[in-house]
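**Q**
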Amino acid sequence: MGPEGFDPARELAGRLVEDGPAFTAHAPNITPAGPVGGWSDAELARAIREGLRPDGSLIGPPMPFAAYRGISDDDLAAIVAFLRTLPAVEHSEPASSYRIPLPPAWGPPVTQVTAPPQGVSAEYGGYIALSLAHCMECHSPMTETGPDYANALGQGGFVFHGPWGEVTAPNITGGPDGIGGYDDAALAAMITEGIRPDGSPMRPPMPYGFLAQMTPQDLQAVMLYLRGVPPLPGN
539 MGPEGFDPAR ELAGRLVEDG PAFTAHAPNI TPAGPVGGWS DAELARAIRE
589 GLRPDGSLIG PPMPFAAYRG ISDDDLAAIV AFLRTLPAVE HSEPASSYRI
639 PLPPAWGPPV TQVTAPPQGV SAEYGGYIAL SLAHCMECHS PMTETGPDYA
689 NALGQGGFVF HGPWGEVTAP NITGGPDGIG GYDDAALAAM ITEGIRPDGS
739 PMRPPMPYGF LAQMTPQDLQ AVMLYLRGVP PLPGN
């Protein structure tokens, strides 16, 4: 990751994610050359959805477990299968360090999750935005126990620090302080191209290059869901 965004030559090979007062977090290499290359599929799936390594140790923030716990069994298996196809990239990152207490676990074991029917619906768009793409985690204020979905879903305010500088996630609720003033074309351009309606570029870590790979139907479903998120003021 550099000032302009992600480096495709080092896809998923690890990087510094956040260096702030609460923690210094390094994302490890999850290509076959990294530690996960020796994990079983079940161990890798558990790490993604529950945040537990095979040795039982907890994976810390900002890994979005509040979101990933909602990934369906079928989609989780597909993610693991995809990770196994990645080219091995030789790279290592230091261990993350935390200056805040971490819980013993991110929740009880996840036994079974089924996704809603795929289609252009707010329900399926919510599944993408809340779990698969974890849009709402990045665009909701963060508390000591995770994103504040109960009081401030989509309100923005989460501050990201990185080589691009300091970026505050904006409000993406359905009201005038959020996306209420954008038509579908403008909203789609922001999500998939990183271009604001005035033509100015958005900054990382918004992953518009990856979101551009959504199908048109999935993009429509996400926008339909976002328009139904209750309006909140600010940001």
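Terminal number for the sequence shown in our numbering: 773, no gaps in between. Just so it is clear, CB atoms sit at the ideal spot from N, CA and C, and this is done for glycine as well.
Are the segment 578 to 590 and the segment 642 to 649 in contact at 8 Å, needing three or more beta carbon pairs?
**A** Yes, they touch.
**Q** Short check: CB of G575 to CB of P566, under 8 Å?
**A** In this structure, P566 does not lie closer than 8 Å to G575 by Cβ.
**Q** Taking 8 Å as the cut-off, decide whether the C-beta atoms of N773 and G695 are in contact.
**A** yes
**Q** Exposed or buried, what is A605 when buried is set at 16 or more other beta-carbons lying within 10 Å of its beta-carbon?
**A** Looking at its Cβ environment, which holds 16 or more other Cβ atoms inside 10 Å, A605 is buried.
**Q** I'd like the list of long-range same chain contacts for P559, defined as Cβ closer than 8 Å, with 5 residues on each side in sequence excluded.
**A** R637
**Q** Is there contact here, the segment 615 to 626 with the segment 713 to 733, by at least three beta-carbon pairs under 8 Å?
**A** Contact between the segment 615 to 626 and the segment 713 to 733 is absent, because fewer than three Cβ pairs lie under 8 Å.
**Q** Excluding five sequence neighbours on each side, which residues of the same chain lie with their C-beta closer than 7 Å to the C-beta of H629?
**A** R548, A551, G552 and N567
**Q** Would you grab the beta carbon distance between L762 and S659 for me? Rounded to a whole angstrom, and I think it's under 8 Å.
**A** 7 Å
**Q** Once the 5 residues before and after R591 are set aside, which same chain residues still bring their CB inside 7 Å of it?
**A** A585 and I597
**Q** So the alpha helix (DSSP H) A551 belongs to, where does it begin and stop?
**A** Annotation for A551: no alpha helix (DSSP H) segment contains it, and DSSP assigns it neither H nor E.
**Q** Taking contact to mean 3 or more Cβ pairs, one atom from each stretch, closer than 8 Å, check whether the segment 732 to 742 and the segment 696 to 706 are in contact.
**A** yes
**Q** For the beta strand (DSSP E) holding T711, just list the boundary residues, first then last.
**A** That residue, T711, is in no beta strand (DSSP E); it is neither H nor E in DSSP.
**Q** Could you round the C-beta distance between E556 and P600 to whole angstroms and report it? I think they count as a contact, below 8 Å.
**A** Contact holds; Cβ gap of about 6 Å.
**Q** In this structure, how does DSSP classify D612 when only helix, strand and coil are distinguished?
**A** helix
**Q** Counting C-beta neighbours from all protein chains within 10 Å, is the total for Q693 16 or more, i.e. buried, or is it exposed?
**A** Around the beta-carbon of Q693, 16 or more other beta-carbon atoms lie within 10 Å, marking it buried.
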